[in-house]
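Chains as they are written, first to last, in the working numbering: chain H, 1 to 137; chain Z, 1 to 167.
Positions of the beta carbon are idealized from the N, C-alpha and C atoms, including for glycine.
Contents: one structure, followed by commentary.
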């Protein structure tokens, strides 16, 4: 089977995100793959690694999360795959909780968030972002 | 309702514009495969690691209908069989100082593409690999694990260290 990391949602994914239940809590599971060297879209010089640039984003995003009532559950480096096979294993996993999809959108629309997001785009080769609903399992 | 719609549209329009300017699909398709059991290399690698706390991230795909390896007759769905495993495993985890820190249903993929989306996920924290091995060897766990094997079509299990990427 095939898997492909992206940096941003597609139009269909964005539309799907806006449909349906926008009011209940979600947990977003991020499977992250970093670039070797950070590349900023505005062309600024940088000797950061992709991971370092993403770490700046992650550090700043903790504040943005708080503003909309979200929080980090955890983040950590991927050591290995214990079950299954993945051709190009992710570098890190991070999980964030949001009170609702609306809250997540609110964060993403925020000017200050978009400034922080430049570090994310600079450091990230691509990712899966899996929307989940916490429950019994 | 109307007010809500207006707010939604106000939120969407600039965002779509933002997206339109920035959609990028950097990496190529890569292959992946869910599995039920670790292969010998994965087991060896696990046993050789250090003894720090670990997080185990489970991405789960269920069978439509549960199938027990001992051939017992059942009308359970795969998900229901796996739920029995989860309920029983909370105690097995507690016995070795581990816990389920979160879990639930996969709703959709917001970024990226996967040929077959997982049904559910769960994250367990173990104080060490030794603790996880101790749990896996316990006869009571092995009994519970039959429900896991009955319900699970396959999974990825990603070992994560909380050290090194903390924020």
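Which one of the options has the shortest CA to CA distance from residue i?
{"i": "residue 103(H)", "options": "7(H), 5(H) and 17(H)", "result": "17(H)"}
{"i": "residue 31(H)", "options": "95(H), 48(H), 121(H) and 8(H)", "result": "95(H)"}
{"i": "residue 64(H)", "options": "116(H), 47(H) and 43(H)", "result": "116(H)"}
{"i": "residue 136(Z)", "options": "28(Z), 30(Z), 32(Z) and 37(Z)", "result": "37(Z)"}
{"i": "residue 121(Z)", "options": "30(Z), 62(Z) and 39(Z)", "result": "62(Z)"}
{"i": "residue 77(H)", "options": "49(H), 128(H), 23(H) and 91(H)", "result": "91(H)"}
{"i": "residue 26(H)", "options": "72(H), 126(H) and 4(H)", "result": "72(H)"}
{"i": "residue 55(Z)", "options": "145(Z), 105(Z), 143(Z) and 132(Z)", "result": "132(Z)"}
{"i": "residue 31(Z)", "options": "86(H), 60(H) and 13(H)", "result": "86(H)"}
{"i": "residue 100(H)", "options": "133(H), 125(H), 47(H) and 84(H)", "result": "133(H)"}
{"i": "residue 108(Z)", "options": "46(H), 13(H), 48(H) and 8(H)", "result": "13(H)"}
{"i": "residue 59(H)", "options": "35(H), 75(H) and 22(H)", "result": "75(H)"}
Can you give the Cα-Cα distance for residue i and residue j, rounded to whole angstroms?
{"i": "residue 101(Z)", "j": "residue 92(Z)", "result": "14 Å"}
{"i": "residue 67(H)", "j": "residue 107(H)", "result": "8 Å"}
{"i": "residue 43(Z)", "j": "residue 114(Z)", "result": "26 Å"}
{"i": "residue 49(Z)", "j": "residue 123(H)", "result": "28 Å"}
{"i": "residue 25(Z)", "j": "residue 84(Z)", "result": "The pLDDT assigned to residue 25(Z) is 47, lower than 50, so where the model puts this residue is not dependable; a value taken from the coordinates is nonetheless given after this. So the two alpha carbons sit approximately 40 Å from each other."}
{"i": "residue 130(Z)", "j": "residue 51(Z)", "result": "7 Å"}
{"i": "residue 52(H)", "j": "residue 37(H)", "result": "9 Å"}
{"i": "residue 39(H)", "j": "residue 33(H)", "result": "14 Å"}
{"i": "residue 62(H)", "j": "residue 135(H)", "result": "24 Å"}
{"i": "residue 120(H)", "j": "residue 10(H)", "result": "17 Å"}
{"i": "residue 155(Z)", "j": "residue 148(Z)", "result": "11 Å"}
{"i": "residue 20(H)", "j": "residue 70(H)", "result": "20 Å"}
{"i": "residue 45(Z)", "j": "residue 35(Z)", "result": "17 Å"}
{"i": "residue 123(Z)", "j": "residue 103(Z)", "result": "6 Å"}
{"i": "residue 205(Z)", "j": "residue 49(H)", "result": "Because residue 205(Z) is not part of the residues shown, which for chain Z are 1 to 167, the question remains open."}
{"i": "residue 134(Z)", "j": "residue 89(Z)", "result": "13 Å"}
For residue i, count the other beta carbons within 10 Å of its own beta carbon; 16 or more makes it buried, fewer makes it exposed. Which is it?
{"i": "residue 119(Z)", "result": "buried"}
{"i": "residue 82(H)", "result": "buried"}
{"i": "residue 71(Z)", "result": "exposed"}
{"i": "residue 97(H)", "result": "buried"}
{"i": "residue 79(H)", "result": "buried"}
{"i": "residue 159(Z)", "result": "buried"}
{"i": "residue 78(Z)", "result": "buried"}
{"i": "residue 21(Z)", "result": "In this prediction, residue 21(Z) scores a pLDDT of 43, lower than 50, which makes its location untrustworthy; the coordinate-derived value is nonetheless stated afterwards. With fewer than 16 Cβ atoms within 10 Å of its Cβ, residue 21(Z) is classed as exposed."}
{"i": "residue 111(H)", "result": "exposed"}
What are the residues that DSSP puts in a beta bridge with residue i?
{"i": "residue 104(Z)", "result": "134(H) and 121(Z)"}
{"i": "residue 116(Z)", "result": "DSSP output for residue 116(Z) lists no bridge partner at all."}
{"i": "residue 124(H)", "result": "34(H)"}
{"i": "residue 6(H)", "result": "127(H)"}
For a cutoff of 9 Å on Cβ pairs, would you count residue i as touching chain A?
{"i": "residue 93(Z)", "result": "Here chain A cannot be found, since the structure's protein chains are H and Z."}
Q) Can you list, in chain order, the residues of the stretch 100 to 116 of chain Z whose Cβ is nearer than 8 Å to any Cβ on chain H? A) 101, 102, 103, 104, 105, 106, 107, 108, 109, 110, 111, 112, 113, 114, 115 and 116
Q) What residues from the stretch 77 to 100 of chain H come within 9 Å of chain Z, judged by C-beta to C-beta, listed N to C? A) 77, 78, 79, 80, 81, 82, 83, 84, 85, 86, 87, 88, 89, 90, 91, 92, 93, 94, 95 and 97
**Q.** Where the stretch 66 to 88 of chain Z meets chain H: residues whose CB sits under 7 Å from a CB there
**A.** 83 and 86
Q.
Counting only Cβ-Cβ distances shorter than 8 Å, please list the residues of the stretch 130 to 147 of chain Z near chain H, keeping chain order.
A. Close to chain H, meaning a Cβ-Cβ distance shorter than 8 Å, is no residue of the stretch 130 to 147 of chain Z at all.
Q: Please name the residues in the stretch 32 to 50 of chain Z whose beta-carbon is closer than 8 Å to at least one beta-carbon of chain H, in chain order.
A: 32, 33, 34, 35, 36, 37, 38, 42, 45, 46 and 49
Q. In the stretch 39 to 65 of chain H, which residues sit with their C-beta less than 7 Å from some C-beta in chain Z, listed in chain order?
A. 55, 58, 59 and 62
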